[in-house]
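Data first, discussion second: the structure below is written as structure tokens.
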Amino acid sequence: KLEAGLEALQGASGLPWWASIVAAAALLRTGLTLPLAAFQARVLARLENLQPEIRGLAGRLRQEVALCARQRGWSEGDARFHFKKNLKRIVSELYVRDNCHPFKASLLIWIQVPVWFFVSIALRNFSLGGAASRAGFPIQEQFSVGGTLWFMDLTAPDHTLILPITLGLVNLLIVEVCRR
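Numbering-wise (this note's numbering), the sequence shown opens with residue 72 and increments by one.
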């Protein structure tokens, strides 16, 4: 259970809850997200390297299909159907050959979204009193005094909106840096 893992991290590290949450996020980022992001980058690079070959093969296929269409009397729709069907087969074979199916490039999001969703639910359960500590102290009570700076009570909403705004700006910065 994710809640037990967070509690074990906090208990083993002896850090206050706010620092344990930051440490858990850092561990998930470096242990899960970073390797998946590197894998995604490799797959995307392979896909990008395939594009000239795909364009060349598509050009040759277009000529072959046009020749077959003239010889067999295909309509334009039939020729388009055969072109798309064969191009799809050729591209699939290239993906298998280079081990770079486009779905693999989306693996990061398919794993990251559920992980962050369940971490959020676990933290919500802690703050609402839905989880009891093995040490005997309710985690909600530990959360109510386990903060720092302007967010001393981790069970209360951040009325200053500093954390959500900072998170949004950091994510925007990451998107802009990765886009270039």
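Each residue gets a CB set at the ideal place from its N, CA and C atoms; glycine is no exception.
Note that the structure is a prediction, hence the values are computed from the model and not measured.
State the start and end residues of the unbroken alpha helix (DSSP H) segment that holds residue i.
i, result
"SER146", "From DSSP, SER146 is part of no alpha helix (DSSP H); its letter is neither H nor E."
"PHE189", "178-199"
"TRP88", "88-99"
"LEU225", "First-last for LEU225: undefined, no H or E at that position."
"LEU73", "73-84"
Rounded to a whole number of angstroms, what is the C-alpha to C-alpha distance between residue i and residue j?
i, j, result
"ALA137", "PHE174", "32 Å"
"ALA176", "GLU247", "19 Å"
"LYS159", "ILE125", "10 Å"
"VAL241", "ARG100", "15 Å"
"ALA108", "ALA140", "45 Å"
"THR237", "LEU220", "15 Å"
"TRP181", "GLN111", "12 Å"
"LEU105", "GLN183", "11 Å"
"LEU232", "ALA150", "59 Å"
"SER163", "GLU119", "15 Å"
"GLY82", "PRO185", "25 Å"
"LEU73", "ALA96", "13 Å"
"ALA90", "LEU80", "10 Å"
"ASN196", "ILE245", "29 Å"
"LEU178", "GLY130", "31 Å"
Excluding the five sequence neighbours on either side, which residues of its own chain have a C-beta within less than 7 Å of the C-beta of residue i, listed in chain order?
i, result
"LEU128", "ILE161"
Excluding five sequence neighbours on each side, which residues of the same chain lie with their C-beta closer than 8 Å to the C-beta of residue i?
i, result
"LEU132", "PHE154, ASN157, LEU158 and ILE161"
"VAL93", "none"
Just to confirm my understanding: we take residue i, look at its own chain, exclude 5 residues before and 5 after, and list those with CB closer than 6 Å. What are they?
i, result
"HIS172", "TYR166"
"VAL114", "CYS171, LYS175 and ALA176"
Am I right that residue i and residue j are in contact with their C-beta atoms under 8 Å? What's the rounded C-beta distance?
i, j, result
"ALA193", "LEU77", "6 Å"
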